[in-house]
DNA sequence: TCAAGATGATCAG
DNA sequence: TGATCCTCTTGAT
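In my numbering, the protein residues as written are 30 to 305.
Okay, structure coming up:
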């Protein structure tokens, strides 16, 4: 589930397990073998995330940059390592635990300067302190692009993926195809505050829950359900199912190659009254 | 056993 | 806009 909260939780877990420790670093699959050899037996300083980018810092100013893409996984285990299972690109290990990276399109050694470049081009990240949501607003309110597209653009906003996009738009009663330049600043301020709260919760729990207590199936007198991505949501991957609030069929479409989900009644075009 | 699909991003045309 | 990369799971055959 590689949205921003996943990477921030990973950074925290890696720092907790390996921070300040001399670690063994390897690449069982072999594609990161040369770089891993440089890091093997050195001290892992800590890890940090910027949006969907993860940076693991080692001594001597060496950083591993990981991007999980659509299918990558970085699993952290608090048990000593056993034989690698599957295509493990990168393994970090001590006698206390290990972490295995699989499927990531990006796993590379980078310098501090390269990290600064990535950070400079990234939009504000709701999960980092002292971020300026006004930088995102400056792009949104000048753009005729769909808000559903702008929210996913990592140069506009860092860390939001398909699930948070669908759910944030639902919670703010915004149709995903509504142009960014038709939004009011007050709407964006509320959306940013909501993102900070939802994503912070996601880091804590490791899942995406967006349904307000008054809208849970239990509160609405409906049978409980389980979403297969491990979280309680309003519309994401619920196409053809009934909206939890109004009962309309949730719709789906493809926007810029990605699946879009919305409720046609709760999220009418050019209306913005909040669900709350 | 095989193909499709998945919570991303980049590049060529 | 479509192709490509990366891996694993699920469902169809």
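The beta-carbon is built from N, C-alpha and C at its ideal position, and this holds for glycine as well. Bear in mind the structure is a predicted one, so any value in this text is a computation, not a measurement.
Q. Can you pull the DSSP bridge partners for residue 287?
A. Counting from one through the first chain, the residue named residue 287 turns up at place 258. 284.
Q: Sort 59, 55, 80 by Cα distance to residue 70 and report the nearest one.
A: If you number the first chain from 1, residue 70 lands on position 41. Comparing Cα-Cα distances from residue 70 to each of 59, 55, 80, the minimum goes to 55.
Q: Buried or exposed for residue 158, please, with buried defined as at least 16 other CB atoms from any protein chain shown within 10 angstroms of its CB.
A: As a working mapping, residue 158 is identified with position 129 in the first chain. So residue 158 ends up on the exposed side.
Q) Leaving out the 5 sequence neighbours to the left and right, which residues in its chain are closer than 8 Å to residue 302 when beta-carbon positions are compared? A) Locating residue 302 in the first chain gives position 273, where the first residue counts as 1. Since pLDDT at residue 302 reaches only 49, below the 50 mark, its modelled position is unreliable, and no value is offered.
Q: Counting only the same chain and skipping the five closest in sequence on each side, list residues whose C-beta sits under 7 Å from that of residue 300.
A: Working through the first chain from its first residue, we reach residue 300 at position 271. Note that residue 300 scores a pLDDT of 49, beneath 50, so its modelled location is shaky and nothing firm can be said.
Q) Relative to the alpha-carbon of residue 169, which residue among 135, 48, 193, 214 has its alpha-carbon at the smallest distance? A) The count along the first chain starts at 1 and reaches residue 169 at position 140. By alpha-carbon distance to residue 169, the top candidate from 135, 48, 193, 214 is 214.
**Q.** DSSP-derived helix/strand/coil call for residue 35
**A.** Locating residue 35 in the first chain gives position 6, where the first residue counts as 1. Correct three-state label for residue 35: helix.
Q: Give a yes or no on whether the C-beta atoms belonging to residue 154 and residue 188 are separated by under 8 Å.
A: Counting from 1 along the first chain, the entry for residue 154 is found at position 125. Counting from 1 along the first chain, the entry for residue 188 is found at position 159. Cβ distance < 8 Å, so residue 154 and residue 188 count as in contact.
Q) Looking at the unbroken alpha helix (DSSP H) that takes in residue 193, where does it start and where does it end? A) Locating residue 193 in the first chain gives position 164, counting from the first residue. Per DSSP, residue 193 belongs to the alpha helix (DSSP H) from 191-200.
Q: In angstroms with no decimal places, state the Cα-to-Cα distance between residue 126 and residue 109.
A: In the first chain, the residue the question calls residue 126 occupies position 97. In the first chain, the residue the question calls residue 109 occupies position 80. Roughly 5 Å separates the two Cα atoms.
(Q) Could you tell me which whole alpha helix (DSSP H) segments of length 4 or greater appear in the segment 137-200? (A) 141-150, 162-169, 176-179, 191-200
Q: Would you mind sorting residue 275 into buried or exposed? The rule is 16 or more other CB atoms within 10 Å of its CB.
A: The residue labelled residue 275 in the question sits at position 246 within the first chain. Result: exposed.
Q: In the DSSP assignment, find the unbroken alpha helix (DSSP H) run with residue 218 in it and report its ends.
A: As a working note, residue 218 is residue 189 in the first chain. Per DSSP, the unbroken alpha helix (DSSP H) holding residue 218 starts and ends at 214-234.
Q) Got a sec? Which residues, its chain only, sit under 6 Å from residue 97 by beta carbon, not counting five neighbours each side? A) As a position in the first chain, residue 97 is number 68, starting the count at 1. Cβ neighbours of residue 97 beyond the five flanking positions: 31, 133.
Q | Beta-ladder partner(s) of residue 104, from DSSP | A | Here residue 104 refers to the residue found at position 75 when the first chain is read from its first residue. Note: residue 104 sits in a beta bridge opposite 129.
Q) In whole angstroms, what is the alpha-carbon distance linking residue 38 and residue 287? A) Looking up residue 38 in the first chain gives position 9. Looking up residue 287 in the first chain gives position 258. If I take the Cα positions, the gap works out to 25 Å.
**Q.** Rounded distance between the beta-carbons of residue 298 and residue 207, thought under 8 Å
**A.** Here residue 207 is taken as the residue at index 178 of the first chain, counted from 1. Here residue 298 is taken as the residue at index 269 of the first chain, counted from 1. Indeed, because the Cβ distance is near 6 Å, the residues count as touching under 8 Å.
Q: Give every residue of the same chain whose Cβ lies closer than 8 Å to the Cβ of residue 107, excluding the five residues on either side of it in the sequence, and list them in chain order.
A: Taking the first residue of the first chain as 1, we reach residue 107 at position 78. Contacts found: 46, 125, 126.
Q) Which residue's Cα is closest to the Cα of residue 60: 35, 231, 120, 88? A) Counting from 1 along the first chain, the entry for residue 60 is found at position 31. With distances taken between Cα atoms, residue 60 lies closest to 120.
(Q) Once DSSP output is grouped into helix, strand and coil, what is the label at residue 299? (A) Here the question's residue 299 lines up with position 270 in the first chain. Here residue 299 sits in coil by DSSP.
Q.
Just list the residues that DSSP pairs residue 79 with in beta bridges.
A. On the first chain, residue 79 is found 50 positions in, with the first residue counted as 1. DSSP, once it has assigned bridges, lists 82 as partnering residue 79.
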